[in-house]
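Only one structure is covered here, and it is reproduced in the block below.
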Amino acid sequence: MGALLLSMMTAVVACLYMTFLAFKELDRAEQFLKQSDWIVMNKRSLGNGPIARVMRMLQIAGCLSVKNYSIRKGQLDASDVSGFPEKLERKIVWTGRVLLFSFIAMMMASYFFNHIKGGE
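Numbering (numbering that gives the first Met the number 0), first residue to last: 0 to 119.
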């Protein structure tokens, strides 16, 4: 039960921080990625609403997490990625990773908790 609660709290904090980054740093991040087709297309199609901003920030986090793959698939431009500030990249990527792994941990903890308690 404690692992489930811890992973839920971590996920909530990571979600809140990613939302904060979406409102504070998204425009700056997109400015550095203005030649990347995938980023520009999603900015145009998703709009600028609160949920759309978070989705766009998560998309940037995902693309930056696997830079070489994203460049090879044409999602990111290599010159954009090389000029992207390292500190901003670290903030975005690590928040996305924490969010991903906390959700995975939450699902695993929920699965084990339900099967252990269900077996008694």
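The beta carbon of each residue, even a glycine, is placed where N, CA and C say it ideally should be.
Which word fits S69, buried or exposed, when buried means at least 16 other C-beta atoms lie within 10 angstroms of its C-beta?
It counts as buried.
Can you tell me the Cα-Cα spacing of A51 and M17, whole angstroms?
Their Cα atoms are separated by approximately 12 Å.
Give me the Cα-Cα distance between P84 and E29, rounded to the nearest whole angstrom.
Going by the C-alpha atoms only, they are around 12 Å apart.
Contacts around M54, its chain only, beta-carbon distance under 7 Å, and the 5 residues preceding and following it disregarded
If we look at M54 and ignore the five residues flanking it on each side, its Cβ neighbours are L45.
Assign V80 to buried or exposed, taking buried as 16 or more other Cβ atoms, counted over all protein chains shown, within 10 Å of its Cβ.
Flag for V80 reads buried.
Same chain, Cβ closer than 6 Å to S6, five either side skipped, listed in chain order
Once the five neighbours on either side are set aside, the close Cβ partners of S6 are S101, A104, M105, A108.
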